[in-house]
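Contents: one structure, followed by commentary.
Residue numbers (UniProt numbering): 1 to 787.
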C-alpha cells in the first residue's frame, strides 16, 4: 500500500496549480467583460474586438474545462528533471522558467504515453495521479529505467488504465488523456495531413482516439480554429454520448453532426425502407441529378410563341439551343447560369423585334411610294415628301437598353423564360424528380425507379446528400441578396447622415459628431456584430469548408454521403475511424479503398488499433462463430463473468426481458445497463421494460445517463455500457443482409456482463460459444460462482 507521503506532496502541488488556474480564470473573465463592453468604431477596431472576444472566450472555456482532472501525471527523468502533465498548460505567475503544468498535447508530454521499460525515453519514473475534484486520492508509479518493472509490459500505467476500465459507466463518454496508450498516442499525434484511416475492432478506443486527435490538431495547428473541425457521427444518440469529450478538453471550435444535419434548414425525419436508402446512396445518383438539372434547361425541340405589345414573338428550337449552349459554356451552376441564358434570350428577342420593326418601316415606305406613284402629284411635292426624315431604324443602339428592360420585365416574356430555364431550389428539384418516374432517367433500372418514386413531403437521412448534390448543381444566384444588402446599407447611411445633420445644428464653433466621423462609419459602428462561434456559423452555412473532418463509424457512409463530406473539406484533411467488419448499413463500405478511391485515389494512410481495452476476453470469445473470418482485437482483461443465454418462447419474451432487466438493474452499483433489441421491435419491447422499470429510457432520443436504457441495434452503435441484455438475436440476424454485423456490434457493447434471451432455439452463431442457463437468476449465479 502506498504511503500517504507521496499523496500529500502531490496534493500540495495540485493545490498550487488550482490557485494559479483560479487567478488566470479571474483575469481572463475580466478581460472578456472589458472586450464585450468595447465599441470598436472603425472596421479594424471591430475586427480586433471580435478576435479578442474569440481569444478570451476560448481561453476561459479551456480554463473552466480543466477544473476536473487538471493534473494527472508526473515524469521524473534520469537527469533529475521533472514535468507535471495535465489537461492544459499552466505557466508560472512570473512567466519565466519551466511551466507549472505541461499540456498533454505538447511534444514534451509525449514520453508520458510512449515510454516503456524497453524504451524509457529518458524517463526514470512515470507517476499517474488520480484526483477527485481538487483532491488527490491516489498515485501509481512505474519505474522504467531498470529495477522495478511494471508487470503490464506495453501498457502505460496499467493500474490506472484498468481502474478506468473497471469503473462504472456514466452514460457519457469520458476523455482518456490520463490513460492513453502508445498505439493510440501515435495516431493522435500523426503528422499526416491527408486522409488518415484508423481501423480497429470493438473496444480499441477508435472514437476516443478520433476526438483526442481533434483536440491535438487544434492545439498543434493554431490556424485550424478559424476554419473549425467537423465531427460526424452515426446518429444523434451517439453524438450526445460523445458530446462532452471535446468541451471537457477545452475545445469549442468543433461541430458535432450527423449526415442528416448537414443541410441547414432541413429536418431529416422521413422514414423509408433500407432498400430505398441504399439506392439513394449509390454514386450513380449524382448522374441522375445532373441529368435532372439538364432536363430543366430548355429541352430540345421547344418552340414557344407569345405576344409582346402588339407583336408576336417566337423562340424557336435553334434560338433556345444557342442560349443553352452559351449558358452551359459559362461553367456556372444552373441558377447562376440562368442569367446567361436570360441575357441570350433577351438579346435575341430584341434583335427579332428590331428586325420586325425594320421590316414594318420598309413595308410602310414601299406603300407610301406606291401611293405617290399612283397619285397625280407634281415633282416638287414628291421631292418634298421624299425629303421627310423617314427613320432608317426605328430602334437604334440608344433605344436598345430600354427595349431589353421592357422585354425582361414583361409578364409573358418572364413566364416563357421561367418555363424554359426555371430557377430551382434543391428541394423543388428532388420533389419533382421523385414524383415522376419519367424524370428519373435511364441510369436507373425500373425496380430502382420504383423505390424512389414517392409522394411529396418530408426528407429522409438518405435525401440529405442528394439535396447537397443538387445545391452544388443548382448554385445560388445571390444578385438579389447583394442588392438587398446594398439597399439596407444605404438606408443605414442615410439615417446616420440625418443624425449627423441634426447634431451639427448647434453653435457654429462647437465640435460635433460630424467633425469626428462620417455617415458611413457611423452606420457601420452601430451594425450588429456577429459573435457566434465557429461551430454555430458553420452549422448554419452549407458552403462552410472545414480545416479537418473526423468521421466516426465511417464505414457506414454511402457513396453520396462521401461526396457531401469531401465538399466540406477541399483540403482532404480527414481522420476516419471505423471497422468494415461492423458495417451494417446496406449503402456502407465493404473496403476503405472502395470508399476513398473516387475522391483521393490511393493517397490515404491506414493505421491499426490492435488492443481491445473495453470488451472482456470472455465476451470476445463468444463471437468467434458469428464472424469466423474476422481476427478480433486482443482483450487486455478478463472479468471472470462469462456471457450467458436463455431459451424462452415468443409470447414470454417481453415479460422475461423486463424481469431480467430489473434483476440486473438491482445488481448495478453506479453503472449502466443497455437492453438491445431488434429495431422493428423497439416500441413493443421498450414498453415491456418500462412497465416494470418506469425510469428506463427509450425512444428516438433516449437519455443515456439513466441507469437503464432500451435501444434498437442501430442506436447502440459506438456506445458502451457496464452490462448488456440482448433480446431476440435471431430477429437481429435476419433483419438485414448484414445482420451478422449488427449482432456482432450488439454483443460487444458491454464492459462487464452480457446476457441473451432468445425465443426458441438459439441461433447457430451463438449456440456453442455462449453457455445456456436454465436458472431464473443466471447473472446472480454466475457472479457468485466467479467469487
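Ideal placement from N, C-alpha and C gives every residue a C-beta, glycine not left out.
Here the structure is a predicted model, which is why all the values come from computation and not from measurement.
- Nearest in C-alpha terms to residue 453, of all of 461, 468, 439, 435, is 435.
- Residue 186 and residue 611 have their C-alpha atoms spaced approximately 14 Å apart.
- Distances from the alpha-carbon of residue 340 to those of 352, 351, 326 put 326 closest.
- Comparing C-alpha distances from residue 763 to each of 750, 716, 623, 657 shows the shortest one belongs to 623.
- With fewer than three CB-CB distances shorter than 8 Å, the region 287-306 does not count as touching the region 254-264.
- Residue range 304-308 is occupied by the beta strand (DSSP E) that includes residue 307.
- Pairing residue 200 with residue 733, the inter-Cα distance amounts to about 22 Å.
- Residue 459 sits in a strand when the DSSP states are folded into three classes.
- DSSP links residue 578 through a beta bridge to 199.
- The DSSP-derived three-state label of residue 426 is helix.
- The beta carbons of residue 333 and residue 475 sit closer together than 7 Å.
- When DSSP states are grouped into helix, strand and coil, residue 75 belongs to the strand group.
- Using a 10 angstroms sphere on the CB of residue 305, the tally of other CB atoms stays under 16, which defines it as exposed.
- Residue pairing by DSSP puts residue 750 in a beta bridge opposite 721.
- Between residue 631 and residue 617, the C-beta gap is not smaller than 7 Å, which leaves the two residues out of contact.
- In the three-state scheme derived from DSSP, where H, G and I count as helix and E and B as strand, residue 142 is classed as strand.
- Inside the region 636-676, DSSP marks whole alpha helix (DSSP H) runs of 4 or more residues at positions 653-667, from first to last along the chain.
- As DSSP reads the structure, residue 255 sits in a beta bridge with 230.
- Counting along the chain, residue 312 sits inside the beta strand (DSSP E) bounded by residues 311-315.
- Residue 174 holds the alpha-carbon nearest to the alpha-carbon of residue 207 among 729, 323, 174, 460.
- Where residue 693 is concerned, there is no enclosing beta strand (DSSP E), because DSSP gives it neither an H nor an E.
- Counted as a single uninterrupted DSSP element, the beta strand (DSSP E) harbouring residue 124 occupies residues 123-132.
- A residue is called buried once 16 or more other Cβ atoms fall within 10 Å of its Cβ, and residue 752 is buried on that count.
- The Cβ atoms of residue 78 and residue 112 do not sit closer than 7 Å to each other.
- Beta-bridge pairing by DSSP links residue 634 to 611.
- Remark: C-beta atoms of residue 460 and residue 268 approach each other more closely than 7 Å.
- Segment contact: the region 551-562 against the region 583-591, three or more CB-CB distances shorter than 8 Å; contact assigned.
- A Cβ-Cβ contact shorter than 7 Å links residue 108 with residue 102.
- The C-alpha of residue 548 is placed about 20 Å away from the C-alpha of residue 235.
- In the structure shown, the three-state DSSP call for residue 58 is helix.
- Residue 682 places its beta carbon 7 Å or farther from that of residue 723.
- The beta carbon of residue 414 is closer than 7 Å to none in its chain, skipping five residues each way along the sequence.
- Here residue 82 carries a strand assignment [DSSP, helix/strand/coil].
- A distance below 8 Å between beta-carbons, with the five flanking residues on each side excluded, links residue 648 to the following residues of its chain, in chain order: 656, 757, 758, 759.
- When C-alpha distances from residue 458 are compared across 427, 50, 702, the shortest belongs to 427.
- A direct Cα-Cα distance of roughly 7 Å separates residue 425 from residue 471.
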